[in-house]
Structures are given as C-alpha cells and as structure tokens.
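Notes for the one structure printed next.
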Amino acid sequence: MVSSIDLIILGYLFRGEKSAYEMVKEFETWDLTHWIKISNASIYKKIIKLCESGYLNSKTIKEGEMPEKIVYSINKKGNEYFHKLMDESSTNISNVYFDFSGFIANLNNVSVDERHTLLKKFNNTLKAKNEYMNGAHKKEHKDLKNENSTAEDIIGLYEDLYKLLDKWSSKLLEKY
Numbered sequence: 004m005v006s007s008i009d010l011i012i013l014g015y016l017f018r019g020e021k022s023a024y025e026m027v028k029e030f031e032t033w034d035l036t037h038w039i040k041i042s043n044a045s046i047y048k049k050i051i052k053l054c055e056s057g058y059l060n061s062k063t064i065k066e067g068e069m070p071e072k073i074v075y076s077i078n079k080k081g082n083e084y085f086h087k088l089m090d091e092s093s094t095n096i097s098n099v100y101f102d103f104s105g106f107i108a109n110l111n112n113v114s115v116d117e118r119h120t121l122l123k124k125f126n127n128t129l130k131a132k133n134e135y136m137n138g139a140h141k142k143e144h145k146d147l148k149n150e151n152s153t154a155e156d157i158i159g160l161y162e163d164l165y166k167l168l169d170k171w172s173s174k175l176l177e178k179y
C-alpha cells in the first residue's frame, strides 16, 4: 500500500533540507489535512520513522542565537523509495469513499418531511463548501500557480469535485 504522506514528505525534501517544524508549517499552508487524512502529530512521527528507516538524513544545526534544530534531507535510499512510491501511485487508484454515503443510503428510512429537511441541510452544506472552495479558498491560494503547480492541480480537483457534489445534491433534493 502506498503511503501518501511518505510521498509528500520525501517529495517536499527535494526542495532542500528542512526541519520537521518547517515542513509541518508549509504543509499547513497547503491545507494538506484537506487532501490526506493525517494530523500534524502524525507528520512528525512519519518524519522520524522515515529517518529511522534510512530514507532521510538528519543533522543538528544552530543558526545564530536560535536554539538548535534538526533538519532532514532525502538521501539515495529515500530517493529510490520516493520513485518506488511514485510508480506504485501511478497505478494505485483506490475507490473514492464519501462519509455521507450511509446518510444517502438511509434516506428512505425517514419520513418524507424529515428527508426533505435533511436533504436541504445536506445541500446547503455542500453549497457552502463549493462556494468556499471556488471563492475564498481560491483567492487564498491564487499564488500557488507560481509556487507549486501540482498543488494547484490538486486544489483544482477539489474545486471541481465540490461543484459536482453541489450540483448532484441539488438534483437529489429535487428528486425527494
């Protein structure tokens, strides 16, 4: 099984050595937790595990009056692992699961009035997500085009997905 977070960390380190803190902060600007189910604490643990597994080098540095910090860099073994993960990822297109599928599957188990009320809430939630992704979120990340075109591509996927879900939920609301 391909580890998306391993791939993200290793790929990021092609830009140069970074501390775990710097990586987590950069990933926060990417809204990484919206793409991958992972917490900041898990990112720290993954960095340590990648280092212990021999995929990353680490060294302690001190800059001026700042406290010492450990910086990580990708090594030859990490580069090989990265390319292996990239190859596996190119053919590992998993199923897409929506947490709301159980909700949709049970709509026939509630009264018509309750179903309509619930679907209206559902539709409003998806509409708000769509408006955010294609409005404020897009404005917040407009500079990605210059910095990281692949991050822009992923954000574009989510923008399109929320447009589609908004349209689909509106049809569902009309149907019921």
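Going left to right, the sequence shown walks through residues 4 to 179 as the working numbering numbers them.
Glycine is no exception: its CB is placed at the ideal position from the N, C-alpha and C atoms.
Per the DSSP calculation, Val27 is bridged to which residue(s)? To locate residue 27, count along the sequence shown from 1; it is residue 24. The partner list for Val27 (beta bridge, DSSP) is empty, contrary to what the question assumes.
State the Cα-Cα distance for the pair Gly19 and Asn60, rounded to the nearest angstrom. Along the sequence shown, one-based indexing puts residue 19 at 16. Along the sequence shown, one-based indexing puts residue 60 at 57. So the alpha carbons of these two residues sit roughly 12 Å apart.
Tell me whether Asn127 sits in a helix, a strand or coil according to DSSP, three-state version. Mapped onto the sequence shown, residue 127 falls at position 124. In this structure, Asn127 counts as helix in the three-state DSSP scheme.
For Ile107 and Met26, what's the separation of their Cα atoms in angstroms? The residue labelled residue 107 in the question sits at position 104 within the sequence shown. The residue labelled residue 26 in the question sits at position 23 within the sequence shown. Rounded to the nearest angstrom, the two C-alpha atoms are 38 Å apart.
Whole angstroms is fine: what's the gap from Leu129's alpha carbon to Lys72's? In the sequence shown, residue 129 corresponds to position 126, counting from 1. In the sequence shown, residue 72 corresponds to position 69, counting from 1. Looking at the two C-alpha atoms, the distance is approximately 42 Å.
Any 3 or more C-beta pairs closer than 8 Å across the segment 5 to 18 and the segment 45 to 54: yes
Compare the Cα-Cα distances from Tyr24 to each of Ser45, Ile39 and Phe17 and report the closest residue. As a working mapping, residue 24 is identified with position 21 in the sequence shown. It is Ser45 whose Cα lies nearest to the Cα of Tyr24.
Span of the alpha helix (DSSP H) around Tyr84: The residue you call residue 84 lines up with position 81 of the sequence shown. From DSSP, the alpha helix (DSSP H) with Tyr84 extends over Lys79 to Thr94.
Cβ-Cβ distance between Ser172 and Phe125 below 7 Å: What you label residue 172 is simply residue 169 of the sequence shown in a count that begins at 1. What you label residue 125 is simply residue 122 of the sequence shown in a count that begins at 1. Cβ distance < 7 Å, so Ser172 and Phe125 count as in contact.
For a test of the three-state rule: what should DSSP assign to Tyr58, helix, strand or coil? Looking up residue 58 in the sequence shown gives position 55. Note: Tyr58 maps to coil in three-state DSSP.
Does Gly67 pass the burial test, meaning 16 or more other C-beta atoms within 10 Å, or should it be called exposed? Taking the sequence shown and counting its residues from 1, one reaches residue 67 at position 64. Exposed, by the Cβ-count rule.
State the Cα-Cα distance for the pair Lys132 and Gly159, rounded to the nearest angstrom. Reading the sequence shown from its first residue, position 129 is the one you call residue 132. Reading the sequence shown from its first residue, position 156 is the one you call residue 159. Rounded to the nearest angstrom, the two C-alpha atoms are 14 Å apart.
Would you verify that the beta carbon of Tyr47 is, or is not, closer than 7 Å to some beta carbon of chain B? The chain inventory of the structure shown lacks chain B, comprising one protein chain alone.
Find the nearest neighbour of Tyr58 within the set Ile41, Asp90, Asn82 and Ser22, judged by alpha-carbon distance. Position 55 of the sequence shown, counted from the first residue, corresponds to residue 58. Closest option to Tyr58, Cα to Cα, is Asn82.
Less than 7 Å between the C-beta atoms of Ser92 and Val5, yes or no? Here residue 92 refers to the residue found at position 89 of the sequence shown. Here residue 5 refers to the residue found at position 2 of the sequence shown. For Ser92 and Val5, yes; Cβs fall inside 7 Å.
Selection from Ser22, Tyr179 and Leu164 that minimises the alpha carbon distance to Val99: As a working note, residue 99 is residue 96 in the sequence shown. With distances taken between Cα atoms, Val99 lies closest to Leu164.
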